[in-house]
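A.B. asks:
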Amino acid sequence: MNIMNNSTIVYSVVFTSLAILLLIAGVIITIFIAHRQRTRQEIALAQMQLSYEKEIRTVEQEVQEQILANLSRELHDNIGQLLTLLRLQMEQEKLDMDDKTKFDGMDNTLETTIDQVRMMSRSLNSDFIIQAGIAKAVEIEIERLKQINSIQIHWEYDHTEPVLTKDQRLMAFRIFQEMLNNTLKHAKAKNIFIQLQGLNQQFLLTVKDDGIGFDLPDKMNNGANGLKNILKRASLAQLTCDIVTQKGGGCQYTIKNF
Amino acid sequence: MDYKILFLYRLTLVILELIAFFVALGTRRYHNATFKLFFYNLLFIAILESSGFYILYYTDYSWLLSGVGNIYFPYEITLVYLISRQALDGKLFKTVVGVGYLLFIAGWLFGIFENGFFSVPTGTILSGSILGTIIFLGALIQMIGRANITRQPLFWISIAMLVFYGCNIPYFGMLNYLASKDSGILKQLMQILFTTNYVRYSLTIVAFLLLKKQSQLKPALHEYHEQ
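Protein chains in written order, with my numbering: chain A, 2 to 259; chain B, 2 to 228.
As structure tokens, this is what we get:
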């Protein structure tokens with residue numbers, strides 16, 4: 002039987018241990034490479050999903066804008082014209098009557114209706130929002146809401162039209178409408194404070210209310226499509242949207258480009 | 002190997018094990034189920050190694066230590082098996098590890114029955130090391146794709162255990178042969194055991210510190226996401 006000498010034994014054990022160590026190092030390096038590849042794949046997949054989702058949202062937005070534009074045109078060209086015709090007919094009727102004050106109440110209501118239709122038509126019309134600018138569009142929307150709601154709306158504006166792209170302008174306005182809609186529907190607020198700033202190319206639009214507030218994480222985890230839409234739309238237009246709220250503490254929405 | 006150098010090697014190992022134990026103790030509130038098991042292992046090791054060191058150098062009962070492998074390895078491999086049940090996925094993997102563990106226990110009991118308690122259980126140590134290598138290799142492979150792999154405490158502790166079990170397989174496999182042939186070679190080769198142990202406990206300390214850091218980060222991230 003061949004018996005190994007001492008140094009052979011020592012070298013054999015040491016070299017085997019080193020070989021195993023190298024093998025372990027190789028395994029760890031392989032794991033690292035595989036990990037990096039999988040992470041890259043996951044990132045690529047996530048980016049693809051994101052761009053797909055973005056594409057879908059863009060198409061959705063375009064379709065929605067088209068529907069709103071059609072509605073706006075209908076309101077302006079059809080309903081608006083009919084209301085103007087009605088006013089002309091009433092004027093004609095008034096000429097033939099002795100008591101010219103008889104139609105005063107109806108006249109006022111008709112005037113308000115025509116104003117409302119015009120303002121609604123504008124607020125739905127994306128071309129108007131893009132051309133007139135976000136400040137004007139927000140102002141008209143506030144005016145419209147003041148006429149139909151009892152909530153006190155406090156409007157503050159630094160008289161500097163924010164520098165935004167067409168898409169950002171439109172998206173910011175639609176988000177603003179969604180914010181207001183949420184506040185009017187759910188907040189039970191007495192006051193809404195709206196602030197718009199555009200100084201130093203920094204756009205900041207804040208909608209704050211003194212309503213009942215809500216538990217944001219809870220809402221985000223249980224539906225709340227409106228809120229999710231606000232955040233998704235903002236990210237689509239490369240705007241930042243923050244929602245700060247707590248139960249009983251009102252709610253503050255902020256949308257900005259910085 | 003020189004008696005004094007061996008003493009220093011052993012002393013360094015005991016100190017490192019105690020540091021690892023105290024770091025684990027200090028981060029105890031952050032332990033999850035897996036790291037609780039690692040902590041119990043460190044506790045046992047700290048007690049066993051310190052008392053072993055004392056018995057070897059300051060008493061006349063050093064013969065007691067020949068049976069230490071019959072206590073240490075079954076305890077550690079049982080914990081490692083439980084860790085694999087806790088932290089690892091895969092039915093096939095769990096079955097293989099389960100069968101391996103049963104064979105290990107059977108081999109251990111057979112070894113005691115055959116050679117008595119106060120003997121070097123080469124088979125038990127070797128089979129335990131192979132099982133440990135498989136488990137921690139599996140753990141590392143299963144971590145592929147997880148976020149921030151290098152910041153995962155389990156990653157570092159798996160490397161630590163893999164280096165310890167893997168690199169000692171040749172040494173453990175020749176324990177009985179070398180002990181019967183020439184205890185001088187055994188002492189020379191103990192450097193492998195010491196080096197891998199140093200790596201093991203250093204990385205264990207890193208893993209426990211990372212566990213603390215990770216647990217402290219989690220609430221902050223949670224708050225950030227909530228906003």
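Just so it is clear, CB atoms sit at the ideal spot from N, CA and C, and this is done for glycine as well.
Less than 8 Å separating the beta-carbons of B/K92 and B/R86?
C.D. replies: Along the second sequence, one-based indexing puts residue 92 of chain B at 91. Along the second sequence, one-based indexing puts residue 86 of chain B at 85. No, the pair does not count as a contact, with Cβ atoms beyond the cut-off.
A.B. asks: What alpha helix (DSSP H) runs, 4 residues minimum, are completely inside the region 134-178 of chain B?
C.D. replies: Runs of the alpha helix (DSSP H) inside the region 134-178 of chain B: 154-174.
A.B. asks: Assign B/L176 to buried or exposed, taking buried as 16 or more other Cβ atoms, counted over all protein chains shown, within 10 Å of its Cβ.
C.D. replies: Residue mapping note: residue 176 of chain B aligns to position 175 of the second sequence, counting from 1. By the 10 Å Cβ count, B/L176 comes out buried.
A.B. asks: Here's a check: name, in chain order, each residue in its chain whose Cβ is nearer than 7 Å to the Cβ of A/S73, leaving out the five neighbours to either side.
C.D. replies: As a first step, residue 73 of chain A is located in the first sequence; it is residue number 72 there, counting from the start. Correct list, in chain order: S122, L125, N126.
A.B. asks: Report the residues of the region 156-167 of chain B with a CB closer than 7 Å to any CB of chain A, ordered along the chain.
C.D. replies: Per Cβ criterion, the list reads I160, L163, V164, G167.
A.B. asks: Under a CB-based cut-off of 8 Å, is B/I48 close to chain A?
C.D. replies: Numbered from its first residue, the second sequence carries residue 48 of chain B at position 47. Cβ-Cβ to chain A under 8 Å: no for B/I48.
A.B. asks: Using alpha carbons as the reference points, say which of A/D128, A/Q50, A/L22 lies closest to B/N169.
C.D. replies: Sequence index remark: in the second sequence, residue 169 of chain B carries index 168 (1-based). Among A/D128, A/Q50, A/L22, the Cα nearest to that of B/N169 belongs to A/L22.
A.B. asks: Look at the alpha carbon of A/I30 and the alpha carbon of B/L210, and state the distance between them as a whole number of angstroms.
C.D. replies: Numbered from 1 along the first sequence, position 29 holds the residue referred to as residue 30 of chain A. Numbered from 1 along the second sequence, position 209 holds the residue referred to as residue 210 of chain B. Rounded to whole angstroms, A/I30 to B/L210 spans 23 Å at the Cα level.
A.B. asks: In chain B, which residues lie less than 9 Å from A/E43 when you measure between Cβ atoms?
C.D. replies: By 1-based counting over the first sequence, the position of residue 43 of chain A is 42. Going along chain B in sequence order, the residues near A/E43 (Cβ under 9 Å) are G146.
A.B. asks: Among A/N230, A/E54, A/F174, which has the Cα closest to the Cα of A/L205?
C.D. replies: By 1-based counting over the first sequence, the position of residue 205 of chain A is 204. The shortest Cα separation from A/L205 among A/N230, A/E54, A/F174 belongs to A/F174.
A.B. asks: Could you tell me the alpha carbon to alpha carbon distance between A/I10 and B/Y172, rounded to whole angstroms?
C.D. replies: For the purposes of this step, residue 10 of chain A is identified with residue 9 of the first sequence, where counting begins at 1. For the purposes of this step, residue 172 of chain B is identified with residue 171 of the second sequence, where counting begins at 1. Rounded to the nearest angstrom, the two C-alpha atoms are 10 Å apart.
A.B. asks: Do the region 88-101 of chain A and the region 17-31 of chain B touch if we need at least three Cβ pairs shorter than 8 Å?
C.D. replies: Too few Cβ pairs lie closer than 8 Å, so no.
A.B. asks: Verify the CB distance criterion: does A/S236 have a CB-CB separation below 8 Å to chain B?
C.D. replies: What you label residue 236 of chain A is simply residue 235 of the first sequence in a count that begins at 1. A/S236 does not count as touching chain B.
A.B. asks: Counting only Cβ pairs nearer than 7 Å, list the residues of chain B close to A/F17.
C.D. replies: Taking the first residue of the first sequence as position 1, residue 17 of chain A is located at position 16. A small fix is needed here, since residue 17 of chain A is Thr in this sequence, not Phe. Ordered by position in chain B, the residues that pass the 7 Å Cβ test against A/T17 are P171.
A.B. asks: Where B/A47 and B/R201 are concerned, what is the direct C-alpha to C-alpha distance, given to the nearest angstrom?
C.D. replies: Walking along the second sequence from the start, residue 47 of chain B turns up at place 46. Walking along the second sequence from the start, residue 201 of chain B turns up at place 200. Computed Cα separation, rounded: 14 Å.
A.B. asks: Can you list the residues of chain B that A/I29 reaches, using a CB-CB cut of under 9 Å?
C.D. replies: Along the first sequence, read from residue 1 onward, the residue named residue 29 of chain A stands at position 28. Ordered by position in chain B, the residues that pass the 9 Å Cβ test against A/I29 are L141, I160, L163.
A.B. asks: Quick one: list the residues of chain A neighbouring B/I193, beta-carbon separation under 8 Å, in chain order.
C.D. replies: Within the second sequence, numbered from 1, the residue matching residue 193 of chain B stands at position 192. Neighbours of B/I193 on chain A, chain order: V14, V15, S18.
A.B. asks: What are the uninterrupted segments assigned as alpha helix (DSSP H) that are 4 or more residues long and contained completely in the region 41-103 of chain A, given in chain order?
C.D. replies: Runs found: 81-97.
A.B. asks: State the Cα-Cα distance for the pair A/D116 and A/L96, rounded to the nearest angstrom.
C.D. replies: By one-based count along the first sequence, residue 116 of chain A stands at place 115. By one-based count along the first sequence, residue 96 of chain A stands at place 95. Approximately 24 Å between the Cα atoms of the pair.
A.B. asks: Check each candidate in A/L217, A/N223, A/G224, A/R234 and name the one with the smallest Cα separation from A/C252.
C.D. replies: Walking along the first sequence from the start, residue 252 of chain A turns up at place 251. Of the listed residues, the one whose Cα sits closest to A/C252 is A/L217.
A.B. asks: On the DSSP bridge assignment, give the partners of A/T195 in chain order.
C.D. replies: On the first sequence, residue 195 of chain A is found 194 positions in, with the first residue counted as 1. Reading the sequence as shown, one finds Ile at residue 195 of chain A and not Thr. Partner(s): A/W156, A/V208.
A.B. asks: When DSSP builds the beta bridges, which residues end up paired with B/V24?
C.D. replies: Position 23 of the second sequence, counting from 1, holds the residue named residue 24 of chain B. Beta-bridge pairing links B/V24 to no other residue.
A.B. asks: Straight-line CA distance for A/I244 to B/I206?
C.D. replies: The residue you call residue 244 of chain A lines up with position 243 of the first sequence. The residue you call residue 206 of chain B lines up with position 205 of the second sequence. So the alpha carbons of these two residues sit roughly 42 Å apart.
A.B. asks: Give the DSSP-derived three-state secondary structure of A/V28 in the structure shown.
C.D. replies: As a working note, residue 28 of chain A is residue 27 in the first sequence. Of the three classes helix, strand and coil, the one that applies to A/V28 here is helix, per DSSP.
A.B. asks: What three-state label does DSSP hand A/L132 in the structure shown?
C.D. replies: Residue mapping note: residue 132 of chain A aligns to position 131 of the first sequence, counting from 1. The displayed chain sequence assigns Gln, not Leu, to residue 132 of chain A. In the structure shown, A/Q132 sits in a helix (DSSP, three-state: H, G or I).
A.B. asks: With distances taken from CA atoms, which of B/G70, B/L132, B/L163, B/I131 is nearest B/F118?
C.D. replies: Mapped onto the second sequence, residue 118 of chain B falls at position 117. The option with the nearest alpha carbon to B/F118 is B/G70.
A.B. asks: Drop a sphere of 10 angstroms on the beta-carbon of B/V100, count the other beta-carbons inside from all chains shown, and report buried for 16 or more, exposed for fewer.
C.D. replies: Position 99 of the second sequence, counted from the start, is the residue given in the question as residue 100 of chain B. B/V100 is exposed by the Cβ-count criterion.
A.B. asks: If you drop the 5 nearest sequence neighbours on each side, which residues of the same chain put their C-beta closer than 6 Å to that of B/T123?
C.D. replies: Along the second sequence, one-based indexing puts residue 123 of chain B at 122. Excluding residues within five positions, the ones whose Cβ falls inside 6 Å are L176, N177.
A.B. asks: Determine contact between the region 126-133 of chain B and the region 76-85 of chain B, defined as no fewer than three beta-carbon pairs at a distance below 8 Å.
C.D. replies: Touching, yes.
A.B. asks: Can you pull out the residues from the region 107-125 of chain A whose beta carbon lies closer than 8 Å to at least one beta carbon of chain B?
C.D. replies: Taking 8 Å as the Cβ-Cβ cut-off against chain B, none of the residues of the region 107-125 of chain A qualify.
A.B. asks: Please list, in chain order, the chain B residues whose beta carbon lies closer than 7 Å to that of A/H36.
C.D. replies: As a position in the first sequence, residue 36 of chain A is number 35, starting the count at 1. Ordered by position in chain B, the residues that pass the 7 Å Cβ test against A/H36 are I145, G146, I150.
A.B. asks: With the cut-off set at 8 Å, would you say A/R88 and A/I135 are in Cβ contact?
C.D. replies: Translated into positions along the first sequence, residue 88 of chain A becomes position 87. Translated into positions along the first sequence, residue 135 of chain A becomes position 134. In this structure, A/I135 does not lie closer than 8 Å to A/R88 by Cβ.
A.B. asks: Distance, Cα to Cα, A/T40 vs A/A70?
C.D. replies: Reading the first sequence from its first residue, position 39 is the one you call residue 40 of chain A. Reading the first sequence from its first residue, position 69 is the one you call residue 70 of chain A. Their Cα atoms are separated by approximately 44 Å.
A.B. asks: Using 8 Å as the limit for Cβ to Cβ distance, is A/V11 near chain B?
C.D. replies: As a position in the first sequence, residue 11 of chain A is number 10, starting the count at 1. Yes - at least one Cβ of chain B is within 8 Å of the one on A/V11.
A.B. asks: Does A/I244 come out as helix, strand or coil in the three-state DSSP assignment?
C.D. replies: In the first sequence, counting from the first residue as 1, residue 244 of chain A sits at position 243. Reduced to three states, the DSSP call for A/I244 is strand.
A.B. asks: Mapping the DSSP letters down to three states, classify A/Q253 as helix, strand or coil.
C.D. replies: Here residue 253 of chain A refers to the residue found at position 252 of the first sequence. Reduced to three states, the DSSP call for A/Q253 is strand.
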